[in-house]
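Residues in the sequence shown are numbered consecutively from 1, following the numbering used here. Backbone N, C-alpha and C fix where the C-beta goes; we use that ideal spot for every residue, glycine too. Note that the coordinates shown come from a computational prediction; the quantities given were computed from them, not determined experimentally.
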Amino acid sequence: MKKILVTGGAGFIGTVVTEILSHDDNNLIHIVDDLSSGKNDDDFKKILLRKNIVFKKLDLSDARSYRKLNEEYDDVYHLAAVVGVSRVTKNPVLTLRVNTLSTIYLLDHLRKMKNKPKILFASSCENYAGSVKHCRISFPTPEEIPLCIEDVYNPRWTYACTKILGEMSCIFYAKEYGFDFTVIRYHNVFGPRMGTQHVIPQFILRVMDKPIEFEMHGGDQYRTFCYVTDAAKMTINLMNDPKANGLVVNVGNDHDYIKISSLAKKIFSIMCVKPKLIEKGAPQGSVNRRRPDLSKIKSLGDFVQEVSYDEGLRKTIQWYTNNKIVF
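This is the structure in structure tokens:
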């Protein structure tokens, strides 16, 4: 039996990764989450009913928590982190502390194991934000571009800082202590149960109130969006692919390059509302364009695109319509 650890397994992407993994009876999955962001809701409780899943409520930024992780693991999905622009900018110290310590403590824990597991580290396209503005990078954006931090005084950049540090930590711990790793950079993953910190659920929740006017920021910016089940399947594929060992890999969708104002109008159409759209300037530190180069993951044979942008939006809108979420 394969023993798998999923940190942040009660979170948005973590629950979907765990649910997919649990369909294989040869997998024994340990979920670790402190439930500060992930939710112990009905969707998560259904997953916990599966016989091959064990849940441990632990804070991985507390070194004492690792005393309760006394198992040897084959695979470790490190998805736990403080996420969401609003939460990060309001809590920069928390972001730095949790994202950094949880990664370093986890790597210190793994290096002591007799049989070293492979670790998959969830990073972010936010790492490219400074490069987009200052390095004249190409679009779609490949993994090999230089990374830079634009403004150390802007709390938004604490998230990218922790993700870049996390990538480097995995790379050099793996090299020094002899285990495999893959780093993945998620690009605008969306879907049901993703909370309220991201653009799609924020738009949906605001539209549910049937506003006469709809103010929005950054309407002239462009993004691609990847549905969560596709992202989760790519994540698992990369974990299980030996060819992905030692690589940094973009995970996302390279089609449907969408203007944010067009995203709002699409949501209006699906939800049958017609508010007056009032566009405001973009928030400080936000990026005008994001589109991943997916040549690497496609060459590995690990790319998945089963859910279209339109279908994913409809599924997401349906979930938020059926579940009472406070915005």
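Same chain, Cβ closer than 6 Å to residue i, five either side skipped, listed in chain order
{"i": "Phe327", "result": "Residue placement at Phe327 is poorly supported in this model, since its pLDDT is 44, which falls under 50; the coordinates still yield a value, given next. Excluding sequence neighbours, Phe327 sits near Thr196, Leu205."}
{"i": "Ser286", "result": "Gly218"}
{"i": "Ile297", "result": "Val249, Phe303"}
{"i": "Leu120", "result": "Tyr77, Thr182, Met239"}
{"i": "Ile145", "result": "Ser131, Ile137"}
{"i": "Thr89", "result": "Pro155, Arg156"}
{"i": "Lys51", "result": "none"}
{"i": "Lys334", "result": "A query on residue 334 cannot be resolved here, the shown segment of the chain reaching from 1 to 327 and no further."}
{"i": "Asn188", "result": "Arg223, Phe225"}
Residue i to residue j span [Cα, whole Å]
{"i": "Ser169", "j": "Ile104", "result": "7 Å"}
{"i": "His136", "j": "Leu147", "result": "Just to set this straight, residue 136 is Arg in the shown sequence, not His. Rounded to the nearest angstrom, the two C-alpha atoms are 12 Å apart."}
{"i": "Gly312", "j": "Lys114", "result": "42 Å"}
{"i": "Asp74", "j": "Asn91", "result": "34 Å"}
{"i": "Arg156", "j": "Phe12", "result": "20 Å"}
{"i": "Val93", "j": "Leu101", "result": "12 Å"}
{"i": "Ile258", "j": "Cys125", "result": "16 Å"}
{"i": "Ile4", "j": "Leu238", "result": "14 Å"}
{"i": "Arg289", "j": "Val132", "result": "8 Å"}
{"i": "Tyr173", "j": "Val83", "result": "24 Å"}
{"i": "Ser295", "j": "Gly252", "result": "11 Å"}
{"i": "Arg67", "j": "Met271", "result": "49 Å"}
{"i": "Ile236", "j": "Lys265", "result": "33 Å"}
{"i": "Tyr337", "j": "Thr229", "result": "Summary: the structure shown does not reach residue 337, with the chain confined to residues 1 through 327, and so no result is reported for it."}
{"i": "Lys324", "j": "Phe179", "result": "43 Å"}
{"i": "His109", "j": "Leu60", "result": "11 Å"}
{"i": "Phe268", "j": "Asn322", "result": "17 Å"}
{"i": "Asp41", "j": "Ile47", "result": "10 Å"}
{"i": "Phe190", "j": "Cys161", "result": "23 Å"}
Contacting residues, own chain, Cβ-Cβ under 7 Å from residue i (five flanking each side not counted)
{"i": "Trp319", "result": "Pro192, Arg193"}
{"i": "Glu213", "result": "Pro275, Lys276, Ile278"}
{"i": "Ala63", "result": "Tyr105"}
{"i": "Asp43", "result": "Thr15, Arg193"}
{"i": "Lys210", "result": "Val273"}
{"i": "Leu49", "result": "none"}
{"i": "Leu21", "result": "Ile4, Asn27, Ile29, Ile236"}
{"i": "Thr158", "result": "Val88, Pro92, Thr95, Leu96"}
Minimum C-alpha distance to residue i - residue among the options
{"i": "Tyr177", "options": "Lys112, Asp241, Leu247", "result": "Lys112"}
{"i": "Ile260", "options": "Lys210, Val16, Gln202", "result": "Gln202"}
{"i": "Ser123", "options": "Arg185, Lys265, Lys296", "result": "Arg185"}
{"i": "Gly9", "options": "Ile145, Lys57, Thr321", "result": "Lys57"}
{"i": "Glu215", "options": "Asp310, Lys280, Leu35", "result": "Lys280"}
{"i": "Asp241", "options": "Phe181, His109, Val207", "result": "Phe181"}
{"i": "Lys315", "options": "Val273, Ile200, Ser262", "result": "Ile200"}
{"i": "Asn127", "options": "Lys118, Leu294, Pro117, Pro142", "result": "Pro142"}
{"i": "Gln221", "options": "Thr162, Gly252, Ser262, Asp151", "result": "Ser262"}
{"i": "Val98", "options": "Ser36, Ala129, Ile47", "result": "Ser36"}
{"i": "Glu306", "options": "Thr224, Glu167, Met234", "result": "Met234"}
{"i": "Glu71", "options": "Val54, Phe190, Val17, Ala231", "result": "Val54"}
{"i": "Thr7", "options": "Lys118, Gly38, Asp33", "result": "Asp33"}
{"i": "Leu247", "options": "Pro283, Ala231, Lys175", "result": "Lys175"}
{"i": "Lys243", "options": "Gly301, Ile317, Pro117", "result": "Gly301"}
{"i": "Ser86", "options": "Val207, Ala231, His198", "result": "His198"}
{"i": "Arg208", "options": "Ile317, Ala81, Lys118", "result": "Sequence check: residue 208 is Met here, not Arg. Among Ile317, Ala81, Lys118, the Cα nearest to that of Met208 belongs to Ile317."}
Run of the alpha helix (DSSP H) containing residue i, from where it starts to where it stops
{"i": "Val16", "result": "12-22"}
{"i": "Val307", "result": "Where Val307 is concerned, there is no enclosing alpha helix (DSSP H), given that its DSSP letter is neither H nor E."}
{"i": "Ala129", "result": "129-134"}
{"i": "Ala63", "result": "Where Ala63 is concerned, there is no enclosing alpha helix (DSSP H), given that its DSSP letter is neither H nor E."}
{"i": "Lys186", "result": "As written in the sequence, residue 186 is Tyr, which differs from the Lys given in the question. That residue, Tyr186, is in no alpha helix (DSSP H); its beta strand (DSSP E) goes 181-186."}
Cβ-based neighbour list, residue i, same chain, cut-off 8 Å, excluding 5 preceding and 5 following
{"i": "His134", "result": "Cys148, Glu150"}
{"i": "Asp254", "result": "Pro140, Thr224, Arg291, Pro292, Asp293, Leu294"}
{"i": "Leu79", "result": "Val6, Thr7, Gly8, Gly9, Gly11, Ile13, Gly14, Val17, Ala122"}
message: Report the start-end ranges of each beta strand (DSSP E) in the region 228-305 that is 3 residues or longer and not cut off at the edges.
response: If we require 3 residues or more, the beta strand (DSSP E) runs fully inside the region 228-305 come out as 247-251, 276-280.
field: Ranges of the alpha helix (DSSP H) found wholly within the region 65-94, counting only runs of at least 4
entry: If we require 4 residues or more, the alpha helix (DSSP H) runs fully inside the region 65-94 come out as 85-90.
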